[in-house]
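Novice: Before anything else, here's the structure in question.
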Amino acid sequence: MRLLVLVYAAIVGAAVGSFLNVCITRWPEKLSVVRPRSRCPRCEKGIAWYDNIPVVSWLVLRGRCRGCGLPISPLYPTVELATALIWFASAYWFGATFLALRLAIFATILLGVAVTDLRTYTIPDGFTVTGFVFLIAASLVGLFLDAQYPFVGPLSAILGACTGAGAIAIVGWLGEAALKKEAMGFGDVTLMAFIGAAIGPELSLLTVFVGATLGALAFLGLVFPVAKLRGRELPQVPFGVFLAPAALVTLLYGRRIIDLYLAYLAGA
Numbered sequence: 000m001r002l003l004v005l006v007y008a009a010i011v012g013a014a015v016g017s018f019l020n021v022c023i024t025r026w027p028e029k030l031s032v033v034r035p036r037s038r039c040p041r042c043e044k045g046i047a048w049y050d051n052i053p054v055v056s057w058l059v060l061r062g063r064c065r066g067c068g069l070p071i072s073p074l075y076p077t078v079e080l081a082t083a084l085i086w087f088a089s090a091y092w093f094g095a096t097f098l099a100l101r102l103a104i105f106a107t108i109l110l111g112v113a114v115t116d117l118r119t120y121t122i123p124d125g126f127t128v129t130g131f132v133f134l135i136a137a138s139l140v141g142l143f144l145d146a147q148y149p150f151v152g153p154l155s156a157i158l159g160a161c162t163g164a165g166a167i168a169i170v171g172w173l174g175e176a177a178l179k180k181e182a183m184g185f186g187d188v189t190l191m192a193f194i195g196a197a198i199g200p201e202l203s204l205l206t207v208f209v210g211a212t213l214g215a216l217a218f219l220g221l222v223f224p225v226a227k228l229r230g231r232e233l234p235q236v237p238f239g240v241f242l243a244p245a246a247l248v249t250l251l252y253g254r255r256i257i258d259l260y261l262a263y264l265a266g267a
């Protein structure tokens, strides 16, 4: 029975990943994710249902459109496979429960944010605002099902959203003052409001710290040296790429990280 649940979760996750690809490619262009139906990004010919099976169809067609024969980005099956793994892992950890569904949707949105920000340097409200509404509703449902941890309840969700958005806004202002240019967009603020609604105020601050640390390491260790070597202007850093994994790690292990840090301070 457990195996069936895991397999079903992976299949549903792959299907969700297929829709996530639509959101990733269309929302930055302000396009509807409902119509028109899926089509080849090259020739724009509609894709038949049998050519739209997550991961499988891309492999069968060897990564090419059946109509025009041009290659289709491996990003599509990669996102589908990653989403399948997210839903599989959620079911593995929490079984066939509302908590597993909550975690799977949260992590799926984070994946969509990271990929979109990496591709376009934007974080569409379709991810963050929709996700925020879902998390608030889920926190209310969790009260009746006694299924909150590792997520937080409604009050902590609101406080976390305010704390996360405020903290990242301050980081943005500091970054702008240091770099003499815009360090991050408003999408990062709405992203942290979404994340804060999942983990509460304390872990929101930890997420901002971890995300900022990862972003700084990437900037100093890769972006800055490469830009200087090539004699180019410093590019914008997609901060959502670092906040997304930081949020997931903090959700699952944040309390443990804080406890270890406090124990270290006590023993120092």
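For the sequence shown, numbering that gives the first Met the number 0 begins at 0 and goes up steadily by one.
Cβ atoms here follow ideal geometry from the backbone N, Cα and C, with glycine treated the same way.
1. Going by other Cβ atoms of all chains shown within 10 Å of its Cβ, with 16 needed for buried, is E175 buried or exposed?
2. Excluding the 5 residues flanking A83 on each side, which residues of the same chain have their C-beta closer than 8 Å to its C-beta?
3. Distance, Cα to Cα, L98 vs I157?
4. Buried or exposed: where does T212 fall if 16 or more other Cβ atoms within 10 Å of its Cβ makes it buried?
5. Per the contact definition of three or more C-beta pairs closer than 8 Å, is the segment 104 to 117 in contact with the segment 32 to 48?
6. Work out the CA separation of R254 and M191 for me, nearest whole Å.
7. Return the Cβ separation of G239 and G186 in integer angstroms, given the expectation that the two are a contact with Cβ distance under 8 Å.
8. Is it a yes or a no for the segment 159 to 173 touching the segment 197 to 208, going by three-plus beta-carbon pairs under 8 Å?
9. Beta-carbon within less than 7 Å of I46's beta-carbon, same chain only, minus the 5 sequence neighbours each way: which residues are those?
10. Compare the C-alpha of T189 against each of G125, R25, G66, V4 and name the closest.
11. How would you write the range of the alpha helix (DSSP H) that P200 sits in, first residue to last?
12. Buried or exposed: which applies to S89, given that a residue is buried once 16 or more other Cβ atoms fall within 10 Å of its Cβ?
13. Looking only at C-alpha atoms, which of L251, K44, L221 sits nearest to V324?
14. Report yes if the CB atom of T119 is closer than 7 Å to the CB atom of F193, and no otherwise.
15. In the DSSP output, what is G45 paired with across the bridge?
16. On a Cα-Cα basis, can you pick out the residue from P237, L221, G94 that is closest to M183?
17. Name the residue from L216, I71, T249 whose alpha carbon lies nearest to the alpha carbon of E43.
18. Short of 6 Å in beta carbon distance, which residues of its chain neighbour P285, apart from the five on each side in sequence? Order them along the chain.
19. Keeping to the same chain, check which residues put their C-beta closer than 8 Å to that of G68; ignore five residues upstream and five downstream.
20. Considering only C-alpha positions, which residue in the set R41, C22, L154 is nearest to R65?
21. If distances are taken between C-alpha atoms only, which option among P200, A160, G94, L247 comes closest to V4?
22. Given I108, which residues of its chain have a CB within under 6 Å of its CB, disregarding the five upstream and five downstream residues?
23. State yes or no: is the C-beta of L139 within less than 7 Å of the C-beta of P153?
24. Residues in its own chain within less than 6 Å of F241 by CB, not counting five upstream and five downstream?
25. Residues in the same chain with beta-carbon distance under 8 Å from L2, minus the five sequence neighbours each way, listed in chain order, please.
Specialist: According to the structure data:
1. Mapped onto the sequence shown, residue 175 falls at position 176. Result: exposed.
2. Here residue 83 corresponds to residue number 84 of the sequence shown, with the count starting at 1. Cβ within range, chain order: A9, I10, G12, A13, G16, P53, V54.
3. Taking the sequence shown and counting its residues from 1, the one referred to as residue 98 is at position 99. Taking the sequence shown and counting its residues from 1, the one referred to as residue 157 is at position 158. When the Cα atoms are used, L98 and I157 turn out to be separated by approximately 19 Å.
4. Position 213 of the sequence shown, counted from the start, is the residue given in the question as residue 212. Label assigned to T212: exposed.
5. The segment 32 to 48 is not in contact with the segment 104 to 117.
6. Counting from one through the sequence shown, the residue named residue 191 turns up at place 192. Counting from one through the sequence shown, the residue named residue 254 turns up at place 255. Linking M191 to R254 through their CA atoms gives a straight-line distance of about 18 Å.
7. Residue 239 sits at position 240 when you count from the first residue of the sequence shown. Residue 186 sits at position 187 when you count from the first residue of the sequence shown. About 7 Å separates the beta carbons of G239 and G186, which is inside the 8 Å limit, making them a contact pair.
8. The segment 159 to 173, when compared against the segment 197 to 208, does touch it at the 8 Å Cβ threshold.
9. For this step, residue 46 is matched to residue 47 along the sequence shown. Answer for I46: S37, R38, C39, listed in chain order.
10. Looking up residue 189 in the sequence shown gives position 190. In terms of Cα proximity to T189, the closest of G125, R25, G66, V4 is G125.
11. Taking the sequence shown and counting its residues from 1, one reaches residue 200 at position 201. According to the DSSP assignment, P200 belongs to the alpha helix (DSSP H) that extends over 185 to 217.
12. Against the sequence shown, residue 89 aligns to sequence position 90. In the assembly as shown, S89 is a buried residue. Its beta-carbon has 16 or more other beta-carbons within 10 Å.
13. Here the chain has residues from 0 to 267 only, and residue 324 is not among them.
14. Walking along the sequence shown from the start, residue 119 turns up at place 120. Walking along the sequence shown from the start, residue 193 turns up at place 194. Not closer than 7 Å, so no.
15. Taking the sequence shown and counting its residues from 1, the one referred to as residue 45 is at position 46. In the DSSP output, where bridge partners are listed per residue, G45 has R38.
16. For the purposes of this step, residue 183 is identified with residue 184 of the sequence shown, where counting begins at 1. Measuring from the Cα of M183, the nearest candidate turns out to be P237.
17. Locating residue 43 in the sequence shown gives position 44, counting from the first residue. Looking at the Cα atoms, I71 is the closest of the given residues.
18. The structure shown does not extend to residue 285, since the chain is modelled only from 0 to 267, so the question has no answer here.
19. Position 69 of the sequence shown, counting from 1, holds the residue named residue 68. Excluding residues within five positions, none has a Cβ falling inside 8 Å.
20. Looking up residue 65 in the sequence shown gives position 66. The candidate whose alpha carbon is nearest that of R65 is R41.
21. Walking along the sequence shown from the start, residue 4 turns up at place 5. Closest option to V4, Cα to Cα, is G94.
22. Looking up residue 108 in the sequence shown gives position 109. Cβ within range, chain order: F126, G130.
23. Residue numbering aside, residue 139 sits at position 140 when the sequence shown is read from its first letter. Residue numbering aside, residue 153 sits at position 154 when the sequence shown is read from its first letter. Contact: yes.
24. Taking the sequence shown and counting its residues from 1, one reaches residue 241 at position 242. Within the same chain, G210, L213, G214 come within 6 Å of F241 by CB-CB distance, once the 5 residues on both sides are set aside.
25. The residue you call residue 2 lines up with position 3 of the sequence shown. Correct list: empty, nothing qualifies.
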